[in-house]
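Colleague:
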Amino acid sequence: MAKKKKGKLRANFRKNHQSRARNNDLTRRLSGDAESADDDVSRERVSGKGGLTRKKTIAGGEIVEDASGTIVLPEVDRDACVEGRVLRVQGLVSTVLTEEGRTRACATRQLLKQLSTELRHVVAAGDNVWVRPEGEGEGIIERVEPRHGVLSRTSRGRRHLIVVNVDQVLIVVSAAQPRLKPNLIDRYLVTCEQARLSPIICITKTDLVDRADLMPITGVYDQMGYDVRLVSVVDGQGVEELRASLAGKETVLTGQSGVGKSTLLNLLDPGLALRVQTVSAESEKGRHTTTTAELYPTADGGYVVDTPGIRQLQLWDVIAEEVAGLFRDIRPFVSHCRYGDCTHTHEEFCAVKDAVADGWIDTRRYESYVQIQAGDEI
Ligand SMILES: Nc1nc2c(ncn2[C@@H]2O[C@H](COP(=O)(O)OP(=O)(O)OP(=O)(O)O)[C@@H](O)[C@H]2O)c(=O)[nH]1
Ligand SMILES: [Zn+2]
Numbered sequence: 010m011a012k013k014k015k016g017k018l019r020a021n022f023r024k025n026h027q028s029r030a031r032n033n034d035l036t037r038r039l040s041g042d043a044e045s046a047d048d049d050v051s052r053e054r055v056s057g058k059g060g061l062t063r064k065k066t067i068a069g070g071e072i073v074e075d076a077s078g079t080i081v082l083p084e085v086d087r088d089a090c091v092e093g094r095v096l097r098v099q100g101l102v103s104t105v106l107t108e109e110g111r112t113r114a115c116a117t118r119q120l121l122k123q124l125s126t127e128l129r130h131v132v133a134a135g136d137n138v139w140v141r142p143e144g145e146g147e148g149i150i151e152r153v154e155p156r157h158g159v160l161s162r163t164s165r166g167r168r169h170l171i172v173v174n175v176d177q178v179l180i181v182v183s184a185a186q187p188r189l190k191p192n193l194i195d196r197y198l199v200t201c202e203q204a205r206l207s208p209i210i211c212i213t214k215t216d217l218v219d220r221a222d223l224m225p226i227t228g229v230y231d232q233m234g235y236d237v238r239l240v241s242v243v244d245g246q247g248v249e250e251l252r253a254s255l256a257g258k259e260t261v262l263t264g265q266s267g268v269g270k271s272t273l274l275n276l277l278d279p280g281l282a283l284r285v286q287t288v289s290a291e292s293e294k295g296r297h298t299t300t301t302a303e304l305y306p307t308a309d310g311g312y313v314v315d316t317p318g319i320r321q322l323q324l325w326d327v328i329a330e331e332v333a334g335l336f337r338d339i340r341p342f343v344s345h346c347r348y349g350d351c352t353h354t355h356e357e358f359c360a361v362k363d364a365v366a367d368g369w370i371d372t373r374r375y376e377s378y379v380q381i382q383a384g385d386e387i
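Remember, this note's numbering sits 9 above the position in the sequence shown when you count from 1.
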């Protein structure tokens with residue numbers, strides 16, 4: 010890779026990091042670390058699903074810090090509202106599946122919107138919300154509940170939520186057509202580790218290869234405690250087990266074009282109206298169809314999240330120094346390096362490199378690490 014390009018990627022890594030620090034400052038300010046006389050009515054700590062949140066009551070509601078930052082929970086008239094789940098957000102309209110068993114096209118309450126300029130994305134795909142119904146198929150989102158399992162990216166200094174309240178990520182790669190790229194699995198895993206989402210590594214199209222050939226690769230992930238599945242829609246391998254793993258869970262789908270995501274979803278749940286595309290034979294690359302994150306309710310009570318515009322998760326907010334800690338197999342050795350700022354590449358007395366030489370860390374995984382921390386593309 011050219012030096013110049015690498016320098017630019019590193020600069021991006023830094024920029025993201027700095028903007029994250031700024032966002033934290035904003036969070037602190039808004040959640041009450043900076044005192045403000047008129048709204049300091051009461052403060053308490055509450056335990057939410059995503060961990061500790063700080064709560065502070067203001068006129069008409071409370072400010073809560075959840076996994077995605079700071080949000081406002083205004084008081085709502087519960088009798089006049091229905092609960093629901095945001096399936097997708099398109100511009101100012103959120104499509105909400107409500108407890109009535111129907112979808113409503115919803116606008117967002119003015120108070121939430123005013124705050125959105127500073128706090129960003131007041132409503133995101135996956136949000137649990139309170140809706141005041143309007144007419145047959147419309148409504149106003151009055152309140153957004155605290156979030157856990159947040160997938161986000163920072164761009165131009167602002168954090169954008171891709172989807173929230175996620176349980177797991179289904180990393181879909183194919184055994185062939187397109188060829189298996191373990192380094193890509195490693196990248197997705199880094200994203201999952203950083204977002205603290207549990208991954209399922211799903212290798213599709215196993216009917217196209219000799220399955221024994223996959224064992225050296227799957228064995229490495231198995232050993233690290235990752236959940237690895239071999240799947241084929243042609244002979245049905247692994248399909249039932251995968252269906253069971255997705256039941257009742259909210260699962261984000263990620264994978265290159267053409268690896269078989271849509272085909273798999275249609276088989277898992279024929280109700281999922283996802284379009285199956287044919288891979289162009291020459292390029293082994295398909296095309297993207299839509300652009301927004303969308304939740305698809307499945308027959309067994311779960312949701313599959315497809316993000317067609319960004320069907321591949323990326324290392325949006327990962328900085329170089331953070332990468333080693335996000336590799337499960339490298340992490341345990343890091344603290345034994347001689348130099349505190351060891352990058353585990355060119356330094357002497359590096360415990361990570363020793364562990365590679367001694368066979369404790371898989372060489373291919375180490376090479377993946379080197380590429381990722383250098384900001385190289387695959
Ligand atoms: N042999 C074999 N072919 C498969 C399997 N799963 C999917 N395919 C084929 O792979 C091609 C691509 O599948 P898709 O489901 O469109 O892939 P995708 O990941 O949704 O692609 P994008 O929509 O571009 O992101 C189709 O021609 C499928 O028939 C499998 O298990 N075995
Ligand atoms: Zn080192």
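Just so you know, even glycine gets a beta-carbon here, dropped at the ideal spot from N, CA and C.
None of these values were measured; they are calculated from a predicted model.
Return yes when at least one heavy atom of ligand 1 lies under 7 Å from the C-beta of L322, else no.
Modeller: no
Colleague: Compute every distance between the C-beta of V361 and the non-hydrogen atoms of ligand 2, then say whether any falls below 7 Å.
Modeller: Answer for V361: yes, Cβ within range of ligand 2.
Colleague: Under a three-way DSSP split, which group does L206 fall into?
Modeller: It is coil, neither helix nor strand.
Colleague: For L262, which option in Q232, A383 and L206 has the closest C-alpha, if you only look at C-alpha atoms?
Modeller: L206
Colleague: Just the Cα atoms here: how many angstroms apart are Y375 and I339?
Modeller: 8 Å
Colleague: According to DSSP, what are the bridge partners of C346?
Modeller: According to DSSP, C346 bridges with nothing at all.
Colleague: Pair every Cβ in the segment 301-312 with every Cβ in the segment 256-276, then say whether three or more of these pairs are closer than 8 Å.
Modeller: yes
Colleague: Restricting to Cα atoms, I'd like to know which of D326, E356 and D371 is closest to G166.
Modeller: D326
Colleague: How big is the Cα-Cα spacing for D236 and Q119?
Modeller: Between the alpha carbons of D236 and Q119 lies a gap of roughly 44 Å.
Colleague: Please classify K294 as buried or exposed, where buried requires at least 16 other C-beta atoms within 10 Å of its C-beta.
Modeller: Because the pLDDT at K294 is just 43, under 50, the model does not fix this residue reliably, and the value given afterwards should be weighed accordingly. K294 comes out exposed.
Colleague: Over the uninterrupted alpha helix (DSSP H) stretch that includes R252, give me the two end residues.
Modeller: V248 to L255
Colleague: Are there 16 or more other CB atoms within 10 angstroms of the CB of P187, so buried, or fewer, so exposed?
Modeller: buried
Colleague: Please state whether the Cβ-Cβ distance between V140 and R113 is less than 8 Å.
Modeller: yes
Colleague: Going by C-alpha distance, which of L170, A116, V132 and S164 is nearest G144?
Modeller: The residue with the shortest Cα to Cα distance from G144 is A116.
Colleague: On the DSSP bridge list, what partners appear for D75?
Modeller: G78
Colleague: Here's the rule I'm using: 16 or more other beta-carbon atoms within 10 Å means buried, otherwise exposed. How should P420 be labelled?
Modeller: Outside the shown range of the chain (10 to 387) lies residue 420, about which nothing can therefore be said.
Colleague: Just to confirm, does C346 get its C-beta within under 7 Å of one of the non-hydrogen atoms of ligand 2?
Modeller: With a threshold of 7 Å, the Cβ atom of C346 counts as near ligand 2, since some heavy atom of the ligand is closer than that.
Colleague: To the nearest angstrom, how far is the alpha carbon of E303 from that of I370?
Modeller: 38 Å
Colleague: Which of helix, strand or coil does DSSP assign to A114?
Modeller: strand
Colleague: Can you check whether the CB of V138 is closer than 8 Å to the CB of V73?
Modeller: no
Colleague: What separation, rounded to the nearest whole angstrom, lies between the Cα atoms of R337 and D88?
Modeller: 48 Å
Colleague: Just to confirm the assignment, what range does the alpha helix (DSSP H) spanning V173 have?
Modeller: Taken as a continuous stretch (DSSP letters only), V173 belongs to no alpha helix (DSSP H), as it is neither H nor E.
Colleague: With DSSP as the reference, label C441 as helix, strand or coil.
Modeller: Residue 441 is absent from the structure shown; the chain starts at 10 and stops at 387.
Colleague: If we ignore side chains and look at the alpha-carbon of each, how far apart do E392 and S271 end up?
Modeller: For the chain, the structure presents residues 10 to 387; residue 392 sits outside this window and is missing.
Colleague: Please classify P279: is it buried, with 16 or more other beta-carbons within 10 angstroms of its beta-carbon, or exposed?
Modeller: exposed
Colleague: Please classify P306: does DSSP put it in a helix, a strand, or coil?
Modeller: strand
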